[in-house]
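> Okay, handing you the structure first.
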Amino acid sequence: MHVEAVRGIQAKIGINEQHLQCGTHPPIDKATAERLLIAGEKPTPIRHNCSGKHTGMLALVKLRGLPLDTYLDTEHPVQKDILAAFSEMCQIAPEKVSIGIDGCSAPNFAIPLYNAALGFARLVDPRDLPEKRAKACKTITAAMMAHPEMVSGFGRFDTRLMQVGRGKLVVKVGAEGY
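Quick note: the sequence shown uses this note's numbering, first residue 553, plus one each step.
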(Lines of atoms letter the chains of each structure in order from A and count residues from 1; the text may use other names and numbers.)
(Lines give C-alpha, C1' and ligand atoms only; values in the text may rest on other atoms or scores of the structure.)
Protein backbone atom coordinates (compact mmCIF):
# COMPACT_ATOMS: atom_id res chain seq x y z
CA MET A 1 0.00 0.00 0.00
CA HIS A 2 2.74 2.49 1.01
CA VAL A 3 4.88 1.72 -2.04
CA GLU A 4 1.94 2.03 -4.44
CA ALA A 5 0.88 5.35 -2.92
CA VAL A 6 4.40 6.80 -3.12
CA ARG A 7 4.88 5.58 -6.69
CA GLY A 8 1.54 7.13 -7.64
CA ILE A 9 2.57 10.52 -6.25
CA GLN A 10 5.96 10.27 -7.92
CA ALA A 11 4.33 9.53 -11.27
CA LYS A 12 2.09 12.59 -10.90
CA ILE A 13 5.04 14.91 -10.23
CA GLY A 14 7.43 13.40 -12.76
CA ILE A 15 10.04 11.86 -10.48
CA ASN A 16 11.01 8.31 -9.58
CA GLU A 17 12.69 6.28 -6.88
CA GLN A 18 16.17 7.35 -8.02
CA HIS A 19 15.44 10.89 -6.83
CA LEU A 20 14.96 9.72 -3.23
CA GLN A 21 17.91 10.37 -0.93
CA CYS A 22 16.44 8.62 2.10
CA GLY A 23 18.61 5.54 1.88
CA THR A 24 17.32 2.03 2.44
CA HIS A 25 16.34 -0.33 5.22
CA PRO A 26 14.33 -3.53 5.38
CA PRO A 27 10.57 -2.98 5.65
CA ILE A 28 9.37 -2.55 9.23
CA ASP A 29 6.48 -4.92 8.58
CA LYS A 30 7.84 -8.41 9.29
CA ALA A 31 5.65 -10.19 6.74
CA THR A 32 6.74 -7.80 3.98
CA ALA A 33 10.40 -8.06 4.99
CA GLU A 34 10.21 -11.86 4.94
CA ARG A 35 8.40 -11.90 1.59
CA LEU A 36 11.07 -9.69 0.01
CA LEU A 37 13.87 -11.76 1.54
CA ILE A 38 12.39 -15.01 0.21
CA ALA A 39 11.95 -13.40 -3.22
CA GLY A 40 15.58 -12.27 -3.16
CA GLU A 41 14.62 -8.59 -3.31
CA LYS A 42 16.87 -6.10 -1.58
CA PRO A 43 15.50 -3.03 0.20
CA THR A 44 15.25 0.03 -2.02
CA PRO A 45 14.55 3.69 -1.21
CA ILE A 46 10.87 3.39 -2.20
CA ARG A 47 10.39 0.95 0.71
CA HIS A 48 12.03 3.26 3.26
CA ASN A 49 9.49 4.31 5.87
CA CYS A 50 10.30 7.97 5.05
CA SER A 51 9.96 7.69 1.26
CA GLY A 52 6.57 9.40 1.42
CA LYS A 53 8.00 12.34 3.36
CA HIS A 54 10.86 12.62 0.88
CA THR A 55 8.46 12.43 -2.05
CA GLY A 56 6.46 15.26 -0.45
CA MET A 57 9.59 17.39 -0.21
CA LEU A 58 10.42 16.59 -3.82
CA ALA A 59 6.89 17.55 -4.88
CA LEU A 60 7.40 20.99 -3.37
CA VAL A 61 10.81 21.24 -5.03
CA LYS A 62 9.26 20.40 -8.41
CA LEU A 63 6.36 22.79 -7.88
CA ARG A 64 8.80 25.63 -7.27
CA GLY A 65 11.22 24.65 -10.03
CA LEU A 66 14.12 24.24 -7.60
CA PRO A 67 17.10 21.86 -7.81
CA LEU A 68 16.18 18.27 -7.00
CA ASP A 69 19.63 16.96 -6.16
CA THR A 70 20.15 19.19 -3.10
CA TYR A 71 16.65 18.98 -1.59
CA LEU A 72 18.03 17.71 1.76
CA ASP A 73 20.59 20.50 2.18
CA THR A 74 19.61 22.66 5.16
CA GLU A 75 20.23 25.72 2.97
CA HIS A 76 17.84 24.50 0.23
CA PRO A 77 14.82 26.85 -0.04
CA VAL A 78 12.41 23.99 0.67
CA GLN A 79 14.24 23.05 3.87
CA LYS A 80 14.23 26.69 4.94
CA ASP A 81 10.48 26.85 4.30
CA ILE A 82 9.92 23.66 6.30
CA LEU A 83 11.88 25.13 9.20
CA ALA A 84 9.90 28.39 8.98
CA ALA A 85 6.56 26.55 9.04
CA PHE A 86 7.72 24.32 11.91
CA SER A 87 8.95 27.34 13.88
CA GLU A 88 5.66 29.15 13.34
CA MET A 89 3.60 26.15 14.43
CA CYS A 90 5.74 25.56 17.53
CA GLN A 91 6.13 29.26 18.35
CA ILE A 92 9.89 29.17 18.53
CA ALA A 93 12.34 31.32 16.59
CA PRO A 94 14.12 29.39 13.81
CA GLU A 95 17.52 30.27 15.25
CA LYS A 96 16.54 28.54 18.52
CA VAL A 97 15.82 25.25 16.74
CA SER A 98 18.67 22.75 16.87
CA ILE A 99 19.02 20.99 13.53
CA GLY A 100 20.27 17.45 13.19
CA ILE A 101 20.07 14.82 10.49
CA ASP A 102 17.75 11.90 11.09
CA GLY A 103 18.00 8.30 9.95
CA CYS A 104 16.60 9.12 6.52
CA SER A 105 19.14 11.90 5.89
CA ALA A 106 16.55 14.68 6.24
CA PRO A 107 17.06 17.64 8.53
CA ASN A 108 15.15 17.22 11.77
CA PHE A 109 14.51 19.62 14.57
CA ALA A 110 15.12 19.53 18.30
CA ILE A 111 13.11 21.93 20.43
CA PRO A 112 11.84 22.02 24.00
CA LEU A 113 9.01 19.58 24.68
CA TYR A 114 6.68 22.50 25.47
CA ASN A 115 7.09 23.89 21.95
CA ALA A 116 6.69 20.47 20.36
CA ALA A 117 3.46 19.94 22.31
CA LEU A 118 2.28 23.40 21.33
CA GLY A 119 2.94 22.66 17.67
CA PHE A 120 0.96 19.43 17.81
CA ALA A 121 -1.86 21.16 19.73
CA ARG A 122 -2.04 23.85 17.06
CA LEU A 123 -2.08 21.18 14.35
CA VAL A 124 -5.26 19.65 15.79
CA ASP A 125 -6.81 22.95 16.94
CA PRO A 126 -5.72 25.57 14.40
CA ARG A 127 -8.35 28.21 15.19
CA ASP A 128 -5.72 30.82 16.15
CA LEU A 129 -3.63 30.27 13.02
CA PRO A 130 -3.82 32.31 9.81
CA GLU A 131 -6.62 31.03 7.55
CA LYS A 132 -4.34 29.39 4.98
CA ARG A 133 -2.32 27.54 7.65
CA ALA A 134 -5.47 26.54 9.55
CA LYS A 135 -6.96 25.09 6.37
CA ALA A 136 -3.77 23.11 5.74
CA CYS A 137 -3.84 21.75 9.31
CA LYS A 138 -7.47 20.68 8.91
CA THR A 139 -6.65 18.95 5.62
CA ILE A 140 -3.70 17.12 7.16
CA THR A 141 -5.54 15.97 10.28
CA ALA A 142 -8.63 14.92 8.30
CA ALA A 143 -6.44 12.81 6.01
CA MET A 144 -4.63 11.25 8.98
CA MET A 145 -7.90 10.32 10.67
CA ALA A 146 -9.50 9.05 7.45
CA HIS A 147 -6.47 6.92 6.54
CA PRO A 148 -4.56 6.11 9.74
CA GLU A 149 -2.83 3.16 8.07
CA MET A 150 -1.00 5.66 5.85
CA VAL A 151 0.53 7.33 8.92
CA SER A 152 2.61 4.33 10.04
CA GLY A 153 1.26 1.16 8.53
CA PHE A 154 -1.10 -1.56 9.65
CA GLY A 155 -0.89 -2.65 13.27
CA ARG A 156 1.41 0.16 14.39
CA PHE A 157 0.64 1.98 17.65
CA ASP A 158 -0.33 5.34 16.17
CA THR A 159 -2.42 3.70 13.44
CA ARG A 160 -4.29 1.52 15.93
CA LEU A 161 -4.86 4.41 18.33
CA MET A 162 -6.37 6.54 15.57
CA GLN A 163 -8.53 3.62 14.45
CA VAL A 164 -10.01 3.11 17.91
CA GLY A 165 -10.32 6.89 18.28
CA ARG A 166 -12.69 6.89 15.28
CA GLY A 167 -11.87 10.33 13.97
CA LYS A 168 -11.27 11.97 17.34
CA LEU A 169 -7.51 11.40 17.73
CA VAL A 170 -4.48 12.38 15.70
CA VAL A 171 -1.30 10.52 16.63
CA LYS A 172 2.14 10.32 15.03
CA VAL A 173 5.14 8.74 16.68
CA GLY A 174 8.65 9.41 15.48
CA ALA A 175 11.12 6.76 14.47
CA GLU A 176 13.76 8.11 16.85
CA GLY A 177 11.95 10.39 19.29
CA TYR A 178 8.75 12.31 19.89
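Even glycine gets a Cβ: it sits at the ideal position worked out from N, Cα and C.
#1: Note down, one range per segment and in chain order, each beta strand (DSSP E) of at least 3 residues found wholly within the stretch 659-698.
#2: Taking C-beta to C-beta, are I663 and L675 nearer than 8 angstroms?
#3: Indicate whether G705 and D581 have their beta-carbon atoms separated by less than 8 angstroms.
#4: Starting from V561 and walking both ways along the alpha helix (DSSP H), at which residues does that stretch end?
#5: Can you tell me whether K687 sits near the ligand FMN, meaning its C-beta is under 7 angstroms from at least one heavy atom of the ligand?
#6: Would you mind stating whether H606 and A563 have Cβ atoms separated by less than 8 angstroms?
#7: Please return the same chain residues whose Cβ sits closer than 7 angstroms to the Cβ of Q643, not counting the five positions on each side in sequence.
#8: Rounding to the nearest angstrom, what Cα-Cα distance links E586 and R599 in this structure?
#9: In terms of residue numbering, what span does the beta strand (DSSP E) encompassing I651 cover?
#10: Where does the unbroken alpha helix (DSSP H) through T541 begin, and where does it stop?
#11: Indicate the three-state DSSP secondary structure (helix, strand or coil) for C642 in the structure shown.
#12: Which residue comes first and which comes last in the alpha helix (DSSP H) that contains Q715?
#13: Determine the direct distance from the alpha carbon of L620 to that of P700, and round the result to whole angstroms.
#14: Please report the Cβ distance between M714 and V722, rounded to the nearest whole angstrom; I am assuming they are in contact, meaning their Cβ atoms lie under 8 angstroms.
According to the structure data:
#1: 659-662
#2: Start at 1 with the first residue of the sequence shown, and residue 663 comes out as number 111. Start at 1 with the first residue of the sequence shown, and residue 675 comes out as number 123. Not closer than 8 angstroms, so no.
#3: Here residue 705 is taken as the residue at index 153 of the sequence shown, counted from 1. Here residue 581 is taken as the residue at index 29 of the sequence shown, counted from 1. It is a contact, given that the beta carbons lie within the stated cut-off.
#4: By 1-based counting over the sequence shown, the position of residue 561 is 9. A quick correction: the sequence has Ile, not Val, at residue 561. Its alpha helix (DSSP H) spans residues 554-565.
#5: Ligands displayed in this structure: none; no statement on the ligand FMN is therefore possible.
#6: The residue you call residue 606 lines up with position 54 of the sequence shown. The residue you call residue 563 lines up with position 11 of the sequence shown. Cβ distance not < 8 angstroms, so H606 and A563 don't count as in contact.
#7: Residue 643 sits at position 91 when you count from the first residue of the sequence shown. Here the set comprises N667, L670.
#8: Locating residue 586 in the sequence shown gives position 34, counting from the first residue. Locating residue 599 in the sequence shown gives position 47, counting from the first residue. The straight-line gap from Cα to Cα measures roughly 13 angstroms.
#9: Taking the sequence shown and counting its residues from 1, the one referred to as residue 651 is at position 99. Taken as a continuous stretch (DSSP letters only), the beta strand (DSSP E) holding I651 covers 650-653.
#10: An answer regarding residue 541 cannot be provided, because it is not within the stretch 553 to 730 covered by the chain.
#11: Here residue 642 is taken as the residue at index 90 of the sequence shown, counted from 1. It is helical.
#12: Looking up residue 715 in the sequence shown gives position 163. That run of the alpha helix (DSSP H) goes 709-717.
#13: Start at 1 with the first residue of the sequence shown, and residue 700 comes out as number 148. Start at 1 with the first residue of the sequence shown, and residue 620 comes out as number 68. Cα to Cα, the separation comes out at about 29 angstroms.
#14: On the sequence shown, position 162 is the one that residue 714 refers to. On the sequence shown, position 170 is the one that residue 722 refers to. 7 angstroms between Cβ atoms; contact.
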